[in-house]
Structure formats: structure tokens, C-alpha cells
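Participant:
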Amino acid sequence: MDLFESFSIAREALRANRLRTILTTLGVIIGVAAVIALVSVGQTVRTSVVGEFATLGPELLWVLPGKAREGSQFAREEGRLSLTFDDAEAVAKDADAVSGVSPILQTSIEVTSAGRRVTTTVVGTTPNIADVRGLSMQAGRFLSASDLVRRKRAAVLGPSLARRLYRTPANILGRRVIINGRAFDVVGLRGRCARRSGSCCGGTEKKTSPC
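The sequence shown runs -2 to 208 under our numbering.
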């Protein structure tokens, strides 16, 4: 039996069993499509994860307070449950390999302004976080050393929070926001973070209001 004859027999068999042929072909198509979809989803997730680590950058290090649990792969730090502003200053002063330090203290709290109330992540930080996290500004300025020295209650709003409070973020400079019963002057509107890793200034990039 030559190749041409085999092909003819196969063709006649397919014609004689059209329903089975259609169902078999459909099954093969669905199977191949499912495999392609799974591979595509896996590649998308992989690209997303790699991108997140890339934006974090190998030069950025997070230091968190706390103590490792029993059996943890991390070294235990007995009796050390918190970090202070003095700790950050000590690292900046004594750690020669560290080019910048910016302490943050964040919490979820209600922010009020212009008759609107929004619950968001509020971050207390220092001016040099702009360099550490690669922040950009859409309007106004970021926190300054003068704000820190004078203990001025200055706030920089994220773009999403600004829209939720004012609808027209371009006109927010000079306004006041109430955070935990205290008034803060809005001095700037933040743009995106160059190094975000899913977050900005420690909180979510869309909602953070660093003060």
C-alpha cells in the first residue's frame, strides 16, 4: 500500500464519520488553545514579577522592625521590636556603603478636605525619600529640609487621592488637609515613582499621601 492509497483510505474514513471527525478536530483545537493560553498566562505573570523586582532595584534595601519567629530562616534579634528615627540617623552617619536613608511611618487613616473624607494610607517620612524612591512631582514641591527643621505640617498628595478630594488636582496647592485632627498644608502633587515595586513611599502608589 503506497502513500497515496493510504491517504485516500484515510479521507474516505473521515467522510464516513463526519461527526467523529469534527469532534476530534474540535478537541485538538481546544487542547492546543488551552496550552497556549496557559503558557501565555505563565509568561505574563513571570514578566510582571521580574518587572516588579527590576523596579525595586538591587541597590534598595528595606529594614523592618520585629523579631523572627522560632524556626525562621532569618537570624533572631532578641528584644528588638521597633526602630526609631535615631536608628535611621545612625545608619546614615555610620554606614559608609549606604548612600541614602529615609525612615517611614505609615498607617491607614481618614483624610478630610473640602468637605470630603477619604480613608487612605498616610506616610510620615523625610525629604530625601524623593531621591531614595525616585519620586517625581506633577506640581509644587516635595517636602524640604526646612519643613523638617521647622516641624512644618506639610503634605504631598498622590494623584489618586488628590482627585478623590478635589476633582481638579491642579488647584490643590495651598489647600489644607485634616489628618488625625491636625491641619497640614498641601505643598505638592506627586507624580510616579521611578522605583515603585508596587508601592510608593511605602504605601500604594495611587493613594499615598506622604506628610
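C-beta atoms are modelled at their ideal positions from N, C-alpha and C, and glycine is treated no differently.
1) Output the distance between the C-alpha atoms of residue 12 and residue 30, rounded to the nearest integer angstrom.
2) Assuming residue 184 contacts residue 137 under a Cβ cut-off of 8 Å, what Cβ separation, rounded to an integer in Å, is found between them?
3) Cutting at 7 Å between CB atoms, please list the residues of its own chain near residue 79, excluding the five before and the five after it.
4) How about residue 154 and residue 187: are their beta carbons less than 8 Å apart?
5) Closest to residue 164 by CA distance: which of 25, 9 and 110 is it?
6) Spatial neighbours of residue 35 within its chain, please: CB distance less than 7 Å, with the 5 preceding and 5 following residues excluded, ordered by chain position.
7) Report buried or exposed for residue 7, applying the criterion of at least 16 other Cβ atoms within 10 angstroms of its Cβ.
8) Start and end of the beta strand (DSSP E) containing residue 154?
9) For the beta strand (DSSP E) containing residue 102, list its first residue and its last residue.
10) So residue 209 is in the alpha helix (DSSP H); what residue range does that whole segment cover?
11) What are the boundary residues of the beta strand (DSSP E) that residue 119 is part of?
12) Out of 171, 151 and 170, point me to the one whose CA is closest to residue 179's CA.
13) Rounded to a whole number of angstroms, what is the C-alpha to C-alpha distance between residue 125 and residue 89?
14) Bridge partners of residue 183, per DSSP?
15) Could you pull out every residue in the same chain whose Cβ sits closer than 7 Å to the Cβ of residue 129, ignoring the five residues on either side in sequence?
16) Name the DSSP beta bridge partners of residue 25, please?
17) On the three-state DSSP scale, how would you describe residue 85?
18) CA-CA distance, residue 121 and residue 182?
19) For residue 135, tell me which candidate among 161, 114 and 168 has the shortest Cα-Cα distance.
20) Which one or two residues does DSSP pair with residue 173 in a beta bridge?
Facilitator: Reading from the atomic positions:
1) Within the model, the alpha-carbon separation for residue 12 versus residue 30 is close to 25 Å.
2) The Cβ separation is near 5 Å, so the contact holds.
3) Excluding residues within five positions, the ones whose Cβ falls inside 7 Å are 62.
4) Going by C-beta atoms, residue 154 is nearer than 8 Å to residue 187.
5) With distances taken between Cα atoms, residue 164 lies closest to 110.
6) If the five residues before and after residue 35 are omitted, its C-beta is found closer than 7 Å to no C-beta atom of its own chain.
7) Counting every other CB atom within 10 Å of its CB across the protein chains shown gives residue 7 a total below 16, marking it as exposed.
8) DSSP places residue 154 in the uninterrupted beta strand (DSSP E) bounded by 151 to 154.
9) Judged by DSSP secondary structure, residue 102 falls within the beta strand (DSSP E) whose first and last residues are 102 to 110.
10) Nothing can be reported for residue 209: it is not among the residues displayed for the chain, which extend from -2 to 208.
11) DSSP places residue 119 in the uninterrupted beta strand (DSSP E) bounded by 113 to 121.
12) Looking at the Cα atoms, 151 is the closest of the given residues.
13) One C-alpha to the other measures close to 11 Å.
14) DSSP lists 152 as partners of residue 183.
15) The beta carbon of residue 129 sits closer than 7 Å to the beta carbons of 97 and 99 from its chain, once the five residues preceding and following it are set aside; these are given in chain order.
16) The partner list for residue 25 (beta bridge, DSSP) is empty, contrary to what the question assumes.
17) In the displayed model, residue 85 falls within a helix according to three-state DSSP.
18) For residue 121 and residue 182, the distance between alpha carbons rounds to 14 Å.
19) Distances from the alpha-carbon of residue 135 to those of 161, 114 and 168 put 168 closest.
20) According to DSSP, residue 173 bridges with 182.
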